[in-house]
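The sequence shown begins at 33 in the working numbering and counts up by one.
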Amino acid sequence: MPLALLALTLSAFAIGTTEFVIVGLIPTMATDLNVSLPSAGLLVSLYALGVAIGAPVLTALTGKWNRKSTLLSVMTLFVAGNLLAWKAPSYETLVIARILTGLAHGVFFSIGSTIATGLVAKEKSASAIAIMFTGLTVALVTGVPLGTYIGQTFGWQATFLIVAILGLIALIGSALLVPNNLTQPPETKLSAQLRVLTQPRLLLVYAITALGYGGTFTAFTFLAPLLEEISGFNSNAISLIMLVYGVSVAIGNIWGGKMADKMGPIKALTIIFSGLTSILLIFNVAVINPITAVITILIWGAFAFGNVPGLQVYVVKLAEKHTPNAVDVASGLNIAAFNVGIALGSWGGGLIVTKAGLIHTPWVGAIIVLVALALTQFSGKLDKKTNTHNEATSIINMTE
Numbered sequence: 033m034p035l036a037l038l039a040l041t042l043s044a045f046a047i048g049t050t051e052f053v054i055v056g057l058i059p060t061m062a063t064d065l066n067v068s069l070p071s072a073g074l075l076v077s078l079y080a081l082g083v084a085i086g087a088p089v090l091t092a093l094t095g096k097w098n099r100k101s102t103l104l105s106v107m108t109l110f111v112a113g114n115l116l117a118w119k120a121p122s123y124e125t126l127v128i129a130r131i132l133t134g135l136a137h138g139v140f141f142s143i144g145s146t147i148a149t150g151l152v153a154k155e156k157s158a159s160a161i162a163i164m165f166t167g168l169t170v171a172l173v174t175g176v177p178l179g180t181y182i183g184q185t186f187g188w189q190a191t192f193l194i195v196a197i198l199g200l201i202a203l204i205g206s207a208l209l210v211p212n213n214l215t216q217p218p219e220t221k222l223s224a225q226l227r228v229l230t231q232p233r234l235l236l237v238y239a240i241t242a243l244g245y246g247g248t249f250t251a252f253t254f255l256a257p258l259l260e261e262i263s264g265f266n267s268n269a270i271s272l273i274m275l276v277y278g279v280s281v282a283i284g285n286i287w288g289g290k291m292a293d294k295m296g297p298i299k300a301l302t303i304i305f306s307g308l309t310s311i312l313l314i315f316n317v318a319v320i321n322p323i324t325a326v327i328t329i330l331i332w333g334a335f336a337f338g339n340v341p342g343l344q345v346y347v348v349k350l351a352e353k354h355t356p357n358a359v360d361v362a363s364g365l366n367i368a369a370f371n372v373g374i375a376l377g378s379w380g381g382g383l384i385v386t387k388a389g390l391i392h393t394p395w396v397g398a399i400i401v402l403v404a405l406a407l408t409q410f411s412g413k414l415d416k417k418t419n420t421h422n423e424a425t426s427i428i429n430m431t432e
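Structural data, given as structure tokens:
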């Protein structure tokens, strides 16, 4: 395994940690910054919005740049954003810092896969991408709970400083180890992205992605205050619960991928969205007891991120039919759709907290996921109709 791939994996670890660690620190940050819980929750939304913009738009704008130069620029922006968050004198400065790091996140994962595959032989491409994305999974299992613990113990600013240091190490590693002569992929033009966005079938999947993921984040964004104010946990226990959630997420990712391979994306997503709807409704009741709350969270994590492989496979499958010359663009826009879901889910959760209270976030999230489930079923019916039409056309052509 090339050492340069380890630098990319460490970058993915740092980026994954900074995205999700804030969920465990929301009550602490709200108190320290003297803002409401919904305002603190906006720090999740605005980061995700940065990713959603950064992935398609900035990737297209930097398409002509040397891949290594782009990588180093993105990681520099990431480090700068986290240093700004560390020293943020106000909530407004922290908002700017989160948007900057979100933009860096979006570009990194758009170009990271092509850089990773350029480091290895062609037959090892999938393994190289998997290794890089391991950094993201490990971040959920170890980086987020550890970052939460550091933030609870030494202040939330310390978490951003640690992440900035990790990002700096990854930046130096990339500067020293990633070769300059990486193959330059075809330039991604904004016009190609706009063509993808004119395809109704792909737009339907993007809506499923945004709603299916967004429903989770309606409640997940406010998981720490739910556990503190309703379950009765003290703030120090949150990092341990985030560890439980992270392990469950890692298992769910693998399980969701195998299910999508075995039974196809529609059936897999139907099972996962049904389970996710149920577990969010159960959490509404389970959250009042510490033991049942943790057990429910353990199951929730598996369903919450189990939909990711199926959604990505489904988008690629449809893109190969409807936009064969822009499959990568279609896949990248689905990453943006995930983050639009996070942004809207977190923002919507904040509104619910303000208008009705924390306890109402899980069941509203369940309803949003239920809409994603209905759209999944509708998309499956469209697939069957298309397949039936194609088979009929083939028979007619054969008889002629």
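Idealized CB from N, CA, C, for every residue including glycine. Values in this document were obtained by computation on a predicted structure and should not be read as measured data.
Contact under 9 Å by Cβ, residue i with residue j
i	j	result
Lys100	Val210	yes
Thr253	Gly382	yes
Ile47	His137	yes
Val83	Ala368	yes
Val176	Val53	yes
Gly247	Trp287	no
Gly199	Val111	yes
Ala358	Val348	no
Ser77	Phe140	no
Ser263	Ile320	yes
Thr60	Ala171	no
Leu69	Leu390	yes
Ile329	Leu255	yes
Leu193	Thr108	no
Leu301	Ile384	no
Phe370	Pro322	no
Ala243	Thr393	According to the sequence provided, residue 243 is Leu. The question's Ala does not apply to it. Going by C-beta atoms, Leu243 is not nearer than 9 Å to Thr393.
Ala80	Ala325	no
Gly278	Gly364	no
Thr408	Asn285	no
Tyr346	Ile298	yes
Arg227	Thr355	yes
Gln184	Ser105	no
Pro34	Leu151	yes
Leu312	Ala190	no
Nearest residue (CA-CA) to residue i, options the options
i	options	result
Leu308	Phe335, Lys290, Thr324 and Ile320	Phe335
Asn114	Glu124, Thr102 and Ala129	Ala129
Asn212	Ala36, Ala404, Thr393 and His354	Ala36
Leu234	Ile204, Leu343 and Thr133	Leu343
Thr250	Val55, Ala39 and Glu51	Val55
Ile197	Trp118, Gly134 and Gly284	Trp118
Thr91	Ala398, Gly205, Phe315 and Ser223	Ser223
Gly167	Leu151, Gln184 and Ser145	Ser145
Ile455	Val396, Val276 and Leu243	With the chain represented from 33 up to 432, any question about residue 455 goes unanswered, as that position is not in the structure.
Asn66	Ser122, Ile182, Asp415 and Ala351	Ser122
Ser267	Ile85, Gly187, Gly289 and Thr418	Gly187
Lys416	Leu272, Leu350 and Phe165	Leu350
Thr215	Thr149, Asp293, Lys353 and Gly289	Thr149
Ile58	Leu402, Gly179 and Pro356	Gly179
Leu402	Lys413, Ile303, Lys353 and Trp379	Ile303
Ala207	Gly380, Asn98, Thr418 and Thr191	Asn98
Ala282	Leu126, Phe165 and Glu260	Phe165
Ala120	Thr418, Ser310 and Asp64	Asp64
Cβ-based burial, residue i [other Cβ within 10 Å; buried from 16]
i	result
Ser142	buried
Ala406	exposed
Phe410	exposed
Met295	exposed
Ala153	exposed
Glu438	It is not possible to answer for residue 438, since the shown part of the chain is limited to 33 through 432.
Ala39	buried
Asn366	buried
Ala388	exposed
Leu135	buried
Leu93	exposed
Ile147	buried
Val237	buried
Leu103	buried
Val468	With the chain represented from 33 up to 432, any question about residue 468 goes unanswered, as that position is not in the structure.
Thr88	Here the sequence assigns Pro to residue 88, which means Thr is not the residue at that position. Buried: at least 16 other Cβ atoms inside 10 Å.
Thr230	exposed
In chain order, which continuous runs of the beta strand (DSSP E) of length 3 or greater are located wholly inside the segment 376-401? Inside the segment 376-401, DSSP marks no whole beta strand (DSSP E) run of 3 or more residues.
Let me know the alpha helix (DSSP H) ranges lying completely inside the segment 91-135, each 4 residues or longer, listed in chain order. Runs found: 99-118.
Residue ranges of each alpha helix (DSSP H) within the segment 164-221, 4 or longer: Those alpha helix (DSSP H) runs which fall completely within the segment 164-221 and span 4+ residues are 176-186 and 188-209.
Considering only residues of the segment 286-370, which uninterrupted alpha helix (DSSP H) runs meet the minimum length of 4 residues and lie entirely inside it, listed in chain order? When DSSP assignments are scanned along the segment 286-370, the uninterrupted stretches of alpha helix (DSSP H) that are 4 or more residues long and fall wholly within it turn out to be 297-318 and 322-354.
Suppose only complete runs of 4+ residues qualify. What are the alpha helix (DSSP H) ranges in the segment 214-273, listed by chain order? The segment 214-273 contains these whole alpha helix (DSSP H) runs: 222-228, 232-252 and 255-258.
Going residue by residue through the segment 35-73, where are the continuous alpha helix (DSSP H) segments of at least 4 residues, counting only ones entirely within it? Every alpha helix (DSSP H) stretch that sits fully inside the segment 35-73 and reaches 4 residues is listed by chain position as 35-52 and 54-65.
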